[in-house]
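Residue numbers for the sequence shown follow my numbering, beginning at 1451 and rising by one. Glycine included, C-beta positions come from ideal geometry on N, C-alpha and C. Please read all numbers here as calculations on a predicted model, not as lab measurements. In what follows, a single structure is set out as structure tokens and then discussed.
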Amino acid sequence: MPSTTPTTGPDREPEARVRRAVEDPEDEGPGIGALAADSLRALRRVSRDPVFRAATVVLLVALAAKVYVLNASYFVEDDFLFFGAAYAADLTPDYLFSLHKGHFMPGAMFLVYLQTAFWPYDWWVSAGLMLVLQALALLAFLRLTWELFGRRWALLVPFTVYALAPLTIPVLGWWAAALNAVPFQLAILLALLWTVRYVRTGDPRYGWWTTAAVVFGMFFSVKALFLPSLLFVFAVAFLYPGTLFAGAARAVRAHRAFWTAMAAMTLGYLVLYVVSQNGGSGTEGAGVPEADAAVELVRRMLGQVFPVGALGGPYEWALITPAGGLVEPRGFVVLGAGAVWAAIVLSSLWLRGSAWRAWALLLGYLVFVDAIPTVIARGRGHGLAGADPRYVADAALVFALCLALAFLVVREQRARESVSTAGAAPATRAAPGRRARRDRAVAAGVLTAVYAAGALYSTHTYAGTLNGDRLREYMDNVRASMADLPEEGGFYPRPVPEDVVLDWNGDRRLTSYVLPPLAPDGARFAYPEQGPRAYVFDDGGTLVPGEHTLFSSTFLPGPQDECLGTLEGAVSWPALAAGGPEQVATLAYTSDADTQLVVSVGGGWIEAVLPAAPDGGFWHLPVPQQGDRLSLLTEEGGLCMTAVALGRLAPDAEGGHPIPLSQEEPPREGEAGGRE
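Next up, the structure:
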């Protein structure tokens, strides 16, 4: 049990400190075996505790709700981009420390690379790991509050608030977001827990573990830049005695090396992030926000999403995206949430005047850790980004902790109150009567049950906004196609459906970027080859023959000709070649022998050998160059080109002619099919 040790001096006010007994000499610590044995004994003791057993029930309900959402979810959007980037890269510092849309997360990039190498697109490996980390974060939260306030039934209230928080559900159901948010939540809680132990005991091991937790968070989320500041403010407000200024002075005086290291980590991480940001393309991530978009984003985030979501809302998800629902609550829901917030804050201030510290900590976290970084990262477009609950998922954890800090008394405060009231008349420190305590417990239980019901309903309705079945079906079809690939032919890129990856991601939305991790020989998809047949994936994920569309530049013989004419084996036509990985040149021809061919677009040359095809054949070549003319150079005689096309391919489920042979106006001699 912690002991209270008052410290007095001739010119000092009484100071109380809650410390653990140090059983071992300062220069000797228990071995790993002893620590493991102590941990097992402590686990056996706590497993018989009714408070812990009740918390376990809440934990199991929360995990069941999260599994329900994960079962309805699947990879989407950035998830596919992660797999594609990991497949195309080597495990180097350049890969690990590269930015993804402004996110600096080498730890997440390592996990992505590991899964791409061993379990590409295996949903339950990804979701299962995040679920385990989330469960560890919940247990760490329970341990933190137990450490702060001691064993009491009241701990179940903040634990339930965090365990069932709807704000943490969308970020868990989207793997790309969970890679940032879930490890960061665990890092916050471990850093807070070990900071409490370090301040109370002065044991340097807890200082090192706190540092490790901060580094762990920095490896997954840019928000961890603010984690040392959170630890300092939390410690000054609730662990060190005196006013905030006095507490800050005591913190620096008592643990100068520890807090100096925290400040150095913040500055070092900031420099590393800025260097990485400057080394990137600059088209994504941090930038100067636009005023209107920034105001709209903050209004939605702090005026709607967090106030409603923290209380168990939003109950319905009005805006649906490929990655799930966004929050746009109705006006009466926002007003109701505001009234509940006012009641919570005012009642805490009425019960404990120092509760304002907890709410100030929450407000500061929302502004400096959630709102400002999000404005910098997403404030250049529409303010609709503020409706995304993923940006305030970590604030649900801080809210639950601040709720406990506002209504409960930490051990340090109890010790200081005990010292300051020693010898005073009993009336000055009389506790609430048994009936008052019972009424408060009943009210807290009822309100927690109402919150839990609303939060579980919000979780259920959010699962209904997910299209995991459609995405899973698409990838199952891709896997089936990959299991039986044709030996000959080229696999040419085309965009995946928009509910898989949005169009604005450019070439990263192509099948040649997204799908190679699933292929036995991914290079055939990532770098399409020439071949007599062309294959593309349709919108259902099935590999089918490809054909040119009417938007392709198509060249056919004149009405009286069987072959396209050439001049000494050369021919050139005006053609609008947009270029890019999707652009393919296709020749329909007959030839009695193998024939050399050179294709030129925009000054680039591509060589090919057309195999003999006396009865007719096709040859497809990837032509990524951009230009305004298509030129061909062949051997004279023996080769009859019956059609040529340049453009993108589309699915042709019937497997017919890959070049459209019907035109609105037949090509005239000297234009599309004649001799230049």
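- The DSSP-derived three-state label of S2041 is strand.
- By the criterion of a C-beta distance shorter than 6 Å, I1638 is surrounded by no residue of its chain, once the five residues flanking it on both sides are discounted.
- Going by C-alpha positions, L1813 is about 24 Å away from L1622.
- When secondary structure is reduced to three states using DSSP, G1831 falls in the coil class, being assigned neither helix nor strand.
- Taking every protein chain shown into account, the CB of Q2046 has fewer than 16 other CB atoms within 10 angstroms, so this residue is exposed.
- The beta carbon of D1529 is closer than 6 Å to those of W1625, A1626 in its chain, skipping five residues each way along the sequence.
- G1775 is bridged by DSSP to I1770.
- With 16 or more other Cβ atoms from the protein chains shown falling within 10 Å of its own Cβ, W2069 counts as buried.
- The Cβ atoms of W1767 and T1618 do not sit closer than 9 Å to each other.
- CA-to-CA, the gap between G1552 and A1789 works out to about 37 Å.
- Taking 9 Å as the cut-off, the beta carbon of S1962 is found closer than this to the beta carbon of P1943.
- With a threshold of 16 other beta carbon atoms within 10 Å, V1892 falls short and is exposed.
- The beta carbons of L1643 and E1597 sit closer together than 9 Å.
- When secondary structure is reduced to three states using DSSP, A1845 falls in the helix class.
- In chain order, S1798 place their CB closer than 6 Å to the CB of F1857, counting only its own chain and leaving out the 5 sequence neighbours on each side.
- About 18 Å separates the beta carbons of F1670 and P1620, which is beyond the 8 Å limit, so they are not a contact pair.
- Note that the stretch 1831-1846 does not touch the stretch 1800-1809; fewer than 3 beta-carbon pairs, one per stretch, sit closer than 8 Å.
- Distance from the Cα of R1828 is smallest, within the candidate group L1747, G1775, D1889, for L1747.
- Assigned with DSSP and collapsed to three states, S2002 falls in coil, not helix or strand.
- DSSP places S2050 in the strand class (E or B) of the three-state scheme.
- About 13 Å separates the Cβ atoms of P1616 and A1850, ruling out a contact at the 8 Å cut-off.
- DSSP, reduced to helix, strand and coil, places T2092 within a strand of the structure shown.
- Of the other Cβ atoms in all chains shown, fewer than 16 fall within 10 Å of the Cβ of P2009; this residue is therefore exposed.
- T2004 is positioned such that its CB atom lies no closer than 9 Å to that of T2084.
- In summary, I2109 is buried, with 16 or more beta-carbon neighbours lying within 10 Å of its beta-carbon over all protein chains present.
- Linking V1665 to A1743 through their CA atoms gives a straight-line distance of about 33 Å.
- Going by DSSP, A1522 is part of the alpha helix (DSSP H) stretching over 1500-1522.
- Rounded to whole angstroms, the gap between the alpha carbons of T1610 and A1905 is 10 Å.
- It is roughly 15 Å from the alpha-carbon of D1499 to the alpha-carbon of V1508.
- Our two residues, A1711 and T1660, have alpha carbons roughly 11 Å apart in a direct line.
- Positions of the alpha helix (DSSP H) runs, each at least 4 residues long and wholly inside the stretch 1795-1839, are given as 1806-1815, 1822-1828 in order along the chain.
- DSSP places P1654 within a helical segment (H, G or I) once states are collapsed to three.
- Closest option to V1562, judged by alpha-carbon separation, among L1531, F1591, L1583: L1531.
- Distances from the CA of P1995 to each of D2102, R1601, P2007 were compared; the closest alpha carbon is that of D2102.
- Judged by DSSP in its simplified three-state form, T1595 adopts helix.
- Scanning its chain for C-beta atoms nearer than 6 Å, with the 5 sequence neighbours on each side dropped, one finds around L1993 the residues S1931, Y1985, F1987, in chain order.
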